[in-house]
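Take 1 as the starting number for the sequence shown in the UniProt record's numbering and just add one per residue.
Let me begin by presenting the structure, written as structure tokens, before commenting on it.
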Amino acid sequence: MKSNSYCYCTKYSCNHHDKNRGWWKWEKMRGLKDGKFSREAIEAVGWRGKLCMVNVKGDAAKEGIIYDVGSDTWQEMPQGMLVGWRGPAAAMDEEIIYTVDESKGALRKYDPESDSWIEILENEMLKGAQHMAAAGGRVCVVSGSCDGIAVVNVVAEPPSLMVVETPVGFQILDVHILPRMSQSDFESQDEC
């Protein structure tokens, strides 16, 4: 998986989309060696051509695995990555993984060189985090109270946090950051 391709996997196959070639292709993937890992739906985070997954959120004992899309292999997650994965996670451009320690309300990023998580910001709004997404230098987090979406500017020095409030009568179910569309994007859709 390069930054210009996407991969969506089910238990038995992967769907690759390469923007440069404009194709989708289902391919059979190597199965998990232990089906007990994924008894329920789990989130996978795309990072440096791999999919990183843990089977439990929060502070509970958990297992972590990594699927390498290019080599079709499964590997154990590095211990530091696994220990620090304490809530929802998202990757920025598949290069930096962020997670929120949902009990402390701390946003952290993973450092593969030291196999550790570096704290970026701690804030009450991040406690009980349920969902997150990362793009364009921002990490968006939905807290357990669903009072709004915390938007953290992770490229600012120091990092800053602002809250986008939930409109009255609405509830946040998830968060996604979509790319901006240009006029040419709309014109190419008309051709389909």
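Quick reminder that beta carbons are idealized off the backbone N, C-alpha and C, glycines included.
For residue i, the nearest candidate out of the options (CA to CA)
i      : options                        : result
Pro159 : Ala106, Ser114, Ser116         : Ala106
Ser114 : Asp147, Arg30, Gly84           : Gly84
Ala134 : Val154, Glu165, Lys57, Gly64   : Val154
Gly80  : Asp147, Ser143, Met132, Gly64  : Gly64
Met53  : Pro112, Asp59, Ala60, Glu43    : Glu43
His131 : Val175, Gly169, Leu82          : Val175
Glu124 : Ser143, Ile118, Trp117, Arg108 : Ser143
For residue i: DSSP bridge partner residues
i      : result
Trp85  : Trp85 is not bridged to any residue.
Glu119 : Arg108
Leu51  : Gly46, Tyr67
Met162 : Val151
Arg138 : Ala135, Asn153
Asp59  : BP columns for Asp59 are empty, so no partner.
Through-space distance from residue j to residue i, alpha-carbon basis
i      : j      : result
Leu126 : Val163 : 11 Å
Val45  : Val100 : 14 Å
Asp111 : Arg48  : 13 Å
Ile97  : Val168 : 32 Å
Reduced DSSP category for residue i - H, G, I as helix; E, B as strand; rest coil
i     : result
Gly80 : helix
Glu94 : coil
Next item on the list: Count the C-beta pairs between the segment 131-141 and the segment 86-97 that are closer than 8 Å, then say yes if the count reaches three, no if not.
Entry: yes
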